[in-house]
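Structure first, then comments.
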Amino acid sequence: MDTILAFDFGLKRIGVAVGNTGLKQAQPLAVISEATNDGKFAAIARLIQEWQPARCVVGLPLHPDGAEHEMSVRCRRFANQLHGRYGVEVVLVDERYSSAVIQHQRGEQIDDQAAAIILQQYFDDAHS
């Protein structure tokens, strides 16, 4: 069974979820909200060290028609940094509707839940 970490990348916060290829059930794990990139990557390093993932999944935001936009580019860069810094395989998953399916209160942080939906989508698409 391989552990998978998933990331819902945002400029202010990064949602993180965890799951494994045996159960194929994603669980919200953490919301990283450090102010600096160094702080964010230090928090990610701690999670990678703790969970020892076989791969990471990063949500790739797209326009409804599938076209990329500025956040798509930023998410690809984040995925490349994860791979480069930690030597872990990274898979991009279309996240067009991940935040839309979560019921939440205004101001509530749902980034970890969005990451769990991205990871669940990865499992449901039978990538493991």
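So the mapping is simple: our numbering equals the position in the sequence shown, first residue as 1, plus 1.
Here a beta-carbon is modelled for each residue, glycine too, at the ideal position from N, C-alpha and C.
Residues near residue i in its chain [Cβ-Cβ closer than 6 Å; skip 5 each side]
i	result
V32	R14, G16, Q110, D112, D113
Residues that DSSP places opposite residue i in a beta bridge
i	result
E90	R56
F79	None; F79 has no bridge partner.
CB contact check: residue i to chain D, cutoff 8 Å
i	result
M2	Among the chains of the structure shown, chain D does not appear; only one protein chain is present.
Inter-residue spacing [alpha-carbon to alpha-carbon] between residue i and residue j
i	j	result
I45	Q53	11 Å
D66	D95	12 Å
Q50	L6	11 Å
K41	F79	11 Å
Classification of residue i by the beta-carbon crowding that lies within 10 angstroms, buried from 16 upward
i	result
D9	buried
A68	exposed
V74	exposed
A36	exposed
Q26	exposed
A43	exposed
Residues of its chain near residue i, where Cβ-Cβ distance is below 8 Å and the 5 sequence neighbours each way are ignored
i	result
V92	R56, C57, V58, V59, Y123, H128
Stretch pair the stretch 78-94 + the stretch 54-63: three plus CB contacts closer than 8 Å: yes
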